[in-house]
Each structure stands twice: as C-alpha cells, then as structure tokens.
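Enquirer: Taken in order, the sequence shown gives residues -18 to -1, 1 to 102; the numbers are from mature numbering (1 follows the signal peptide of the UniProt record, and there is no 0). Cβ atoms here follow ideal geometry from the backbone N, Cα and C, with glycine treated the same way.
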Amino acid sequence: MLSLMVTLSLSSIDMSLAARQLLDTPAAPPPALTLPTIPSLPKATLPPLPSVPTLPKSTLPPLPTLPTQPTLPKTTLPPLPSIPLPTLPKSTLPPLPSTQIPTLPNPVNTYPLIEYMIIA
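As structure tokens, then:
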C-alpha cells in the first residue's frame, strides 16, 4: 500500500511539471515565411513556316500485260502392279520360367537406438 502511495505521489509531481512546461510554451508558432511569386515568362514568338511547294502529279505508263503460258498436256500414269505384299512368318516366344525370384533377407538391426531416432 505504501508503494502505491509513493508511485502516485511521484507520478503526480511529474505530471504537474509537464503541465507547467506546456503552459510556459508560446500559444502559436510564428507564421511561416511566404514564398515569393515567380514572374511569368514572355511567350516566344517563332517566324511563320515557309509554305511547302506543290509537286506536279506524275503519271505512270500502264504495266505491260504478261503473255499467257502454254498449257502442258496431261500425262497419265500406268496402273500400279497388283503384287501381294509379303507377310512375316509368325514367331512364337518360349514360355517364361515359372520359378519365383528370390527375395533378399532384411538385415537385423542391432542398434535399437538408431531405429528409435529414425522413427521419431
């Protein structure tokens, strides 16, 4: 309880000092300086552009017509011979052996701590 009273009294002293310091400050800061106005620049006047001379219209002679190419006679091919296609002989594969593949034995773990660490 005593410590509560001490902290409250010390905090009230700090707050009263802070309030006094705020009262001692001036009410408003001085007005900021105004920026000078920038005078407007005069408009640059350019001389008028010279007029573009008109070019005479050029007329092209007509293109010559291409001569027509002669047509080639149609050729006919003789019919293909009707020879039967050769067939490959049927080959039979020998049956697969029915023996089972041997399995590898599992090694016996002699270090149970390592197995525990791997599982965990």
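Report the rounded CA-to-CA distance for Gln82 versus Pro68, giving the unit in angstroms.
Expert: C-alpha separation (whole angstroms): 41 Å.
Enquirer: Alpha carbon to alpha carbon, what distance is there between Ala1 and Leu(-17)?
Expert: One C-alpha to the other measures close to 26 Å.
Enquirer: On the three-state DSSP scale, how would you describe Gln51?
Expert: DSSP places Gln51 in coil when its eight states are reduced to three.
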